[in-house]
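J.: Residue 328 in the numbering used here sits at position 102 of the sequence shown; the count goes up by one each step and never skips. For glycine and all other residues, C-beta sits at the position ideal for the given N, C-alpha and C. Mind looking over this structure? Questions follow.
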Amino acid sequence: CIEMVMNESEFNALAEATLLSIEQQVEDADTELDFEMSSGILTLTAENGSKIIINRQVATQEIWVAARSGGYHLGRQGDVWFCQTTGETLQELLTRVVVEQGGEKISFT
């Protein structure tokens with residue numbers, strides 16, 4: 227797989243669009259999942275109070291996800307954010323950790 231090389235402004239625009247897309251999907255879903263975007267950090271809060279934090283790391287051009295099950299670093303491969311550690315796309319990873327932490331069923335696209 228070839229990793230995509232972007233300049234900083236391209237990365238920031240893509241990461242911002244990704245975070246906004248996640249936020250919109252949470253807002254549109256019929257769940258008790260809450261969200262807050264602050265300074266480019268998206269925090270999802272489950273009804274039980276557990277949090278999933280999603281943010282961008284400009285230096286490494288990655289999106290990082292912090293969840294109870296661990297910290298995940300996702301780089302861009304082609305047109306998807308992909309985690310080398312788990313083999314999951316960002317959408318698959320978020321779907322899994324949201325269920326694990328809050329019991330909420332939401333499919334990210």
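Taking the beta carbon of A239 as the centre, do at least 16 other beta carbons fall within 10 Å, making it buried, or is it exposed?
T.: Classification of A239: exposed, given that the 10 Å Cβ count is below 16.
J.: Looking only at its chain, what residues have a beta carbon closer than 8 Å to the beta carbon of V323, apart from the 5 residues adjacent to it on each side?
T.: Once the five neighbours on either side are set aside, the close Cβ partners of V323 are I278, V291, A293, R294, S295.
J.: Judging by CA-CA distance, which residue of D260, E258, G266, G329 is the nearest neighbour of F237?
T.: Looking at the Cα atoms, G266 is the closest of the given residues.
J.: Kindly indicate which three-state DSSP category E330 falls into: helix, strand or coil?
T.: It is coil, neither helix nor strand.
J.: L259 to G313, Cα distance in whole Å?
T.: Near 25 Å, if we compare the C-alpha coordinates of G313 and L259.
J.: Please report how far the alpha carbon of V284 lies from the alpha carbon of D256, in whole angstroms.
T.: Each residue's alpha carbon lies about 32 Å from the other.
J.: Please specify which runs of the beta strand (DSSP E), each continuous and at least 3 residues long, are wholly inside the region 255-293, giving them in chain order.
T.: Listed in chain order, the complete beta strand (DSSP E) runs (minimum 3 residues) inside the region 255-293 are 260-264, 267-271, 277-283, 288-293.
J.: With DSSP as the reference, please indicate the residues paired to R302 in a beta bridge.
T.: BP columns for R302 point to W307.
J.: Just checking my contact of L320 with F334 at CB under 8 Å: how many whole Å lie between their CB atoms?
T.: Correct: roughly 5 Å between the Cβ atoms.
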